[in-house]
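Q:
There are 2 protein chains.
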Amino acid sequence: MEGVDHLAFERNKAQFDVDEMKIVWAGSREDFELSDRISRLVASDPVFRKDDRAALGRKELFKNTLRKAAHAWKRVIELRLSGEFSALEPEAYKLRAFVDQPAFTDLHWGMFVPAIQGQGTDEQQQKWLPLAYRMQIIGCYAQTELGHGSNVQGLETTATFDPKTDEFVIHSPTLTSSKWWPGGLGKVSTHAVVYARLIIDGQDYGVHGFIVQLRSLDDHLPLPGITIGDIGMKFGNAAYNTMDNGVLTFDHVRIPRNQMLMRVSQVTREGKYVHSNVPRQLVYGTMVYVRQKIVADASVALSRAVCIATRYSAVRRQFGSHNGGLETQVIDYKTQQSRLFPLLASAYAFRFVGEWLLWLYTDVTERLKAKDFSTLPEAHACTAGLKSLTTTATADGIEECRKLCGGHGYLCSSGLPELFAVYVPACTYEGDNIVLLLQVARHLVKTVSQLSTGNKPVGTTAYMARLEQLLQYHSDVKKAEDWLKPNVVLEAFEARAARMCVACAQNLSKFSNPEEGFQELAADLVEAAVAHCQLIVVSNVYALSLLHKHLGDFISTGCIDPKQGSLANEQLRNLYSQVRPNAVALVDAYNYTDHYLGSILGRYDGNVYPKLYEEAWKDPLNDSIVPDGFKEYIQPLLKQQLRNARL
Amino acid sequence: MEGVDHLAFERNKAQFDVDEMKIVWAGSREDFELSDRISRLVASDPVFRKDDRAALGRKELFKNTLRKAAHAWKRVIELRLSGEFSALEPEAYKLRAFVDQPAFTDLHWGMFVPAIQGQGTDEQQQKWLPLAYRMQIIGCYAQTELGHGSNVQGLETTATFDPKTDEFVIHSPTLTSSKWWPGGLGKVSTHAVVYARLIIDGQDYGVHGFIVQLRSLDDHLPLPGITIGDIGMKFGNAAYNTMDNGVLTFDHVRIPRNQMLMRVSQVTREGKYVHSNVPRQLVYGTMVYVRQKIVADASVALSRAVCIATRYSAVRRQFGSHNGGLETQVIDYKTQQSRLFPLLASAYAFRFVGEWLLWLYTDVTERLKAKDFSTLPEAHACTAGLKSLTTTATADGIEECRKLCGGHGYLCSSGLPELFAVYVPACTYEGDNIVLLLQVARHLVKTVSQLSTGNKPVGTTAYMARLEQLLQYHSDVKKAEDWLKPNVVLEAFEARAARMCVACAQNLSKFSNPEEGFQELAADLVEAAVAHCQLIVVSNVYALSLLHKHLGDFISTGCIDPKQGSLANEQLRNLYSQVRPNAVALVDAYNYTDHYLGSILGRYDGNVYPKLYEEAWKDPLNDSIVPDGFKEYIQPLLKQQLRNARL
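Residue numbers (full-length UniProt numbering), protein chains in the order written: chain A, 1 to 647; chain B, 1 to 647.
(1) So does B:Val-76 have its beta carbon nearer than 6 Å to some heavy atom of the ligand MG?
(2) Where does B:Asp-204 sit, in a helix, a strand or coil, going by DSSP?
(3) Any residues in the stretch 38-58 of chain A with a beta carbon nearer than 7 Å to a beta carbon of chain B? Which ones, in chain order?
(4) Please confirm if the stretch 482-501 of chain B is in contact with the stretch 530-539 of chain B, defined as three or more CB-CB distances below 8 Å between the two stretches.
(5) Could you name each continuous alpha helix (DSSP H) segment of 4 residues or more that falls completely within the stretch 473-559 of chain B, going from the start of the chain to the end?
(6) 7 Å is my cut-off, CB to CB: does B:Asn-622 come that close to chain A?
(7) With a threshold of 7 Å between beta-carbons, can A:Gly-229 be considered close to chain B, or not?
(8) Spatial neighbours of B:Asp-230 within its chain, please: CB distance less than 8 Å, with the 5 preceding and 5 following residues excluded, ordered by chain position.
(9) How long is the line joining the alpha carbons of A:Phe-16 and A:Asn-582, rounded to whole angstroms?
(10) Is any beta-carbon of chain B found at less than 7 Å from that of A:Thr-428?
(11) Go through the stretch 432-464 of chain B residue by residue and report every complete run of the alpha helix (DSSP H) that reaches 4 residues or more, in order.
(12) Within the continuous alpha helix (DSSP H) that includes A:Pro-417, where are the two ends?
(13) Please report how far the alpha carbon of A:Val-579 lies from the alpha carbon of B:Gly-206, in whole angstroms.
(14) Distance check for A:Tyr-410 and B:Asp-162, CA to CA, integer angstroms please.
(15) Please state if the CB of B:His-6 and the CB of B:Asp-594 are separated by a distance shorter than 7 Å.
(16) Between the alpha carbons of B:Val-290 and B:Ala-523, how many angstroms are there, rounded?
(17) Taking C-alpha atoms, which residue in B:Ser-413, B:Val-76, B:Leu-490 and B:Leu-389 lies nearest to B:Val-42?
(18) Does any residue of chain B have a CB that is nearer than 7 Å to the CB of A:Ser-82?
(19) With a threshold of 16 other CB atoms inside 10 Å of the CB of A:Val-267, please say whether the residue is buried or exposed.
(20) Does the beta-carbon of A:Glu-366 have 16 or more other beta-carbons within 10 angstroms, so that it is buried, or is it exposed?
(21) In its own chain, which residues sit with a C-beta less than 8 Å from the C-beta of B:Thr-286, not counting the 5 before and 5 after it?
(22) Within its chain, find whatever has a CB closer than 8 Å to the CB of B:Val-587; leave out the 5 residues flanking it on each side and keep chain order.
(23) Just to check my reading of the structure: B:Gly-629 and A:Lys-63 have Cβ atoms closer than 8 Å, yes? What is that Cβ distance to the nearest angstrom?
(24) Counting Cβ pairs closer than 8 Å, one from the stretch 623-641 of chain A and one from the stretch 133-143 of chain B, do we hit at least three?
(25) Quick check: the Cα distance between B:Phe-341 and B:Gly-3, rounded to an integer number of angstroms?
(26) Contact defined as beta carbons within less than 8 Å: I believe B:Ser-556 pairs with A:Pro-620. What is the distance between those atoms, to the nearest angstrom?
(27) So the candidates are A:Ala-495, A:Thr-121, A:Ala-585 and A:Leu-79; which of them puts its Cα closest to the Cα of A:Arg-263?
(28) Applying the criterion that 16 or more other CB atoms from any shown protein chain within 10 Å of the CB defines a buried residue, is A:Pro-256 buried or exposed?
(29) Under a CB-based cut-off of 7 Å, is A:Pro-627 close to chain B?
(30) In whole angstroms, give me the CA-to-CA distance for B:Leu-416 and B:Lys-611.
(31) Quick one: list the residues of chain D neighbouring B:Arg-67, beta-carbon separation under 9 Å, in chain order.
(32) Do the stretch 493-506 of chain A and the stretch 347-361 of chain A touch if we need at least three Cβ pairs shorter than 8 Å?
(33) If we call anything under 7 Å between Cβ atoms a contact, is B:Ala-142 one with B:Pro-173?
(34) Looking only at its own chain, which residues have a Cβ that is under 6 Å from the Cβ of A:Arg-402, when we skip the five neighbours before and after it?
(35) To which residues of the same chain is A:Lys-50 closer than 6 Å at the C-beta, ignoring the five residues directly before and after it?
(36) Below 8 Å between beta carbons is the criterion; list the residues of the stretch 145-159 of chain B that meet it against any residue of chain A, in chain order.
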């Protein structure tokens, strides 16, 4: 039945005001209203339809992306018709986000423009930004190479200064130096910020950024010396196959000297390499910003999956029918709750961590302006750790939500396969998650080792100042409810993290070569880093489910005893019962349109089965009753007369 | 360079005889030779090419599958030309396996034929099997419905006996009773074994199997009263989208009475429901067989992923270069080893568990013949648990291997996205993994509770007979090497599992309604079941990595103390160092062809980067330099003149 809300009985159970929670989730009333307006606008526009894309071949899929990107740009311009125009407004950003299909524009606005803003001189900004803002040029970010991702300092592309012509010669000296992965590069971008080793007079000055034109603005053909293509299919049906991730090689391509991004360091007409008085640490400010965005995106991706799984778990019934009555709602099974509710809690926790990181970014930026670099190492480690923690948990969480939907979660119409495939690269890009955790561990070990010299730990490592106390700590939990006190939970997490760090530091001190020790103990160091990062995010359900999952850490470090561990588990079960009546309302508070969710299982009205059935018939295979290939490949089998058949 | 073995230096390090290990992995010399011959035959046949399928649209992909299936059938017949012919020979099975593309034939041979063999009377077998063996009919297995998967007893399709015409009327009374998911149903099958509630004279006799013709053998059109279609796109690029999983509804379709599968129970001409003297427990024998196959398949899937990740980890270098020398091989990083080597160990462990299950199946079958049902409940619980354990570990393991390959693991040409997408349904089909663990838990709790009545636990639960001793147990490990003794490891796992079971049993006894207690404690029961299943699989590296992962269980149950836990971890690091030089040889022993692996990262010769580069150009997007859609959607952006632009 159209128009009927099959989940109304769930919504009536809610014990809080959903409309208020929507504001909390959005961040402010203004943010809520903007998201609400733009998401509806996108949902109602047939060009932005998503349900047909999974069955398309690569070419059709890509052309469809170009169409959506051009249409999105048109809508952005229309939205601002009455006023001045800027594609960097929140409206434009939200619109691209709700279109929900990776495209070259993500890299143009998200990487190319910010790279020029951050690393270009005022003059360079004045020249290039107006073109980019109006999309008279389209740019991408060409850093990663076939042979180098995480290790940016290992990039091989060269930019050799030629003093005779006042140019740089951009060149790919090896196969592995081919640029590989940049989104928007393969088929669309006219320009790129290319990262290459700066070579002057035979000397290597390390990796720098250069603005390079790739394609003609007339006929779109690659310029001489430039070879470009798409790197081929990636994970998932549509997912990132809407994006032209590219391969690019240079054969001695010349660009004017003033196309090196020179805000931090310059090459003079005479070929002298000089630093400006702009602090190099600015780069870290940008990194904090980018990672804050990634954490915010993690909460969005996880909340979408949780929304789908929660609603469908309320719709779906299986087993437990007595005397022909209704079967049990799947959401009422404790095994379902123990897997789903910690993810629901994580989505909210990550949302608030994202907000806090935004504050941290503002704080860091202001300090940088005042040339105060004191909090930078900690802020850098903290955002690295949170990026790793939230993206890993989100990728795993989306897949868990898919499994929580049973067999139907495997259908593209559930929305979950695409959500997973499009999300998982977040575990790798902007710093591989394990490499990042090792950076965090390095910072933690340093923090511990400097305590004796009176260095005060700052920010999220401040608890280390109480190290003596934390090493003495033993939880005084006596009954399950004690685990509800935020301080009790927090202290247990602090003590665990502190002890794991100290244990690592002690083990490291046994090595005469510290670097060797670091390599040898890397796996333990990663676990200590995880313990520290989890501590930053602690919140009730989330924390207790983690405590249960990592019980070994807590008990083996002597923070809590087995009895207290089982009390935590008991309390967790109580909390699940409290979450249960609010579950559907908690995911309603995300305020996602059915278009954005892109999931029949997660439909707002819960009308799952009729719509699943209806959707099936749209597959291209159902265009004809007898499939293409029947005459060639099926009929001959059926008509074949086999001799010698043994039965 | 073609022909050069870039991994030769790794292969030279091996400390064991790879050729001997190939025989061990294959099971016997005969099995090895058969696999080797058939896999090469498939690899050398251009029709079986796989590298182009990811970029195809649904229709082309499906037609390509029909072509491969027809060609595979032709090759099977040719292989047996000189002798008698049977498609059930190992050759035929292997050939389909190495073609490595899900197709309707999997269900025809794997489900339709066995259903008739297992549940059909002799007469029914004589009528239907010859047709099926020659593929003069093509069948599928129509059990799952839109609204019911795990709960088979909840199926809604009805088969009502009409004594007037001596027919059954097959009918879909509701939308949710539509058959949904059966592979091969959507576009190909001419027949199906349909599961439906048997209704005689208004009385419901539960779910039974019926042979139903679906399509005309002349024009392939659905017969009157039958509506069939494909259910649409699923997870992954090609993956299961090569399969026509279908939807099917019946509108009072009539079949003769003798098309009910009547080996176990019959309906007479008069409409009397009678049981034959064939034991119903036969069904469980089949279940043991199917699950044994699933465990064997798990080791194959996991070993493919591990093979790719191990070889590429040896090829790939990142960081650690000093003075311009080579960077460090990724496989030398401890974090990489601590993630990869336990999976390598798991693949081998699962292989041997699969062999053992084959023995168990033989044993169960012989006992069934002798009407000895005593070991059946334990065998049933054991295979359920191992199915759950190995498929979950394999799905997670494949994704972990993908991440271990860094960014390139996200490319379809790595082979890993497809391997994951095609594998994950194994966690859901033939019993949802969590539902299965609850069955195991039920069996364990029952076993514990019956100890006092003198019931001797059998099979994998035999250790429960030593319950008193296991409850007293405390590990006597004093140094890291102690963890190398198999008995030491085994006892720790036994004690942990026993204590977790006893704790569950004790908590259950606090509930006046046992079923309510079972629901409430479901999450703990699942963990106890996992502990028991892991015990069955224990082997060195595998066990110690599990012990580290589930340290909380071991310490909180008092089996080991924290010091012993950290000794286990130390020993694990030692073991990794021992595995390291043998890693590549250990995956070579799987003897997979490059065609079967379907991965550029996992190529035998390690020649990864040139081939990745070469492969990229095959994507359809690279057919033209300027992409389709440029004139409509890109050029207008670039040429647009925006007024009012704010910069």
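Heads up, the beta-carbon is just placed ideally off N, CA and C, and yes, glycines get one too.
A: Reading off the structure:
(1) As for the ligand MG, it is missing from this structure, which has no ligand bound.
(2) strand
(3) Ala-54, Ala-55, Leu-56, Gly-57 and Arg-58
(4) Enough Cβ pairs lie closer than 8 Å, so yes.
(5) 486-509, 514-520, 522-537, 540-549 and 551-556
(6) Output row for B:Asn-622: interface = yes.
(7) At least one CB of chain B lies nearer than 7 Å to the CB of A:Gly-229.
(8) Gly-186, Lys-187, Asp-244, Asn-245, Gly-246 and Val-247
(9) 8 Å
(10) yes
(11) Restricted to the stretch 432-464 of chain B, the alpha helix (DSSP H) segments that are unbroken, complete and at least 4 residues in length are 433-451, listed in chain order.
(12) Where A:Pro-417 is concerned, the enclosing alpha helix (DSSP H) starts and stops at 416-423.
(13) Between the C-alpha atoms of A:Val-579 and B:Gly-206 there is a straight-line separation of about 37 Å.
(14) 38 Å
(15) no
(16) 27 Å
(17) B:Val-76
(18) With a pLDDT of only 43 at A:Ser-82, under 50, the local geometry of the prediction cannot be trusted, and no value is derived from it.
(19) buried
(20) exposed
(21) Contacts found: Pro-114 and Gly-118.
(22) Ser-303, Val-306, Cys-307, Thr-310, Arg-311 and Leu-344
(23) 4 Å
(24) yes
(25) C-alpha separation (whole angstroms): 29 Å.
(26) Actually they do not touch by this definition, with Cβ atoms about 54 Å apart.
(27) The shortest Cα separation from A:Arg-263 among A:Ala-495, A:Thr-121, A:Ala-585 and A:Leu-79 belongs to A:Thr-121.
(28) Of the other Cβ atoms in all chains shown, fewer than 16 fall within 10 Å of the Cβ of A:Pro-256; this residue is therefore exposed.
(29) Chain B, which has a Cβ nearer than 7 Å to the Cβ of A:Pro-627, makes this yes.
(30) 16 Å
(31) No chain D appears in the structure shown, which is made up of the protein chains A and B.
(32) no
(33) B:Ala-142 places its beta carbon 7 Å or farther from that of B:Pro-173.
(34) Gly-409 and Leu-416
(35) Gly-598
(36) Those residues of the stretch 145-159 of chain B that come within reach of chain A (Cβ to Cβ, closer than 8 Å) are Leu-146, Gly-147, His-148, Gly-149, Ser-150, Asn-151 and Gly-154.
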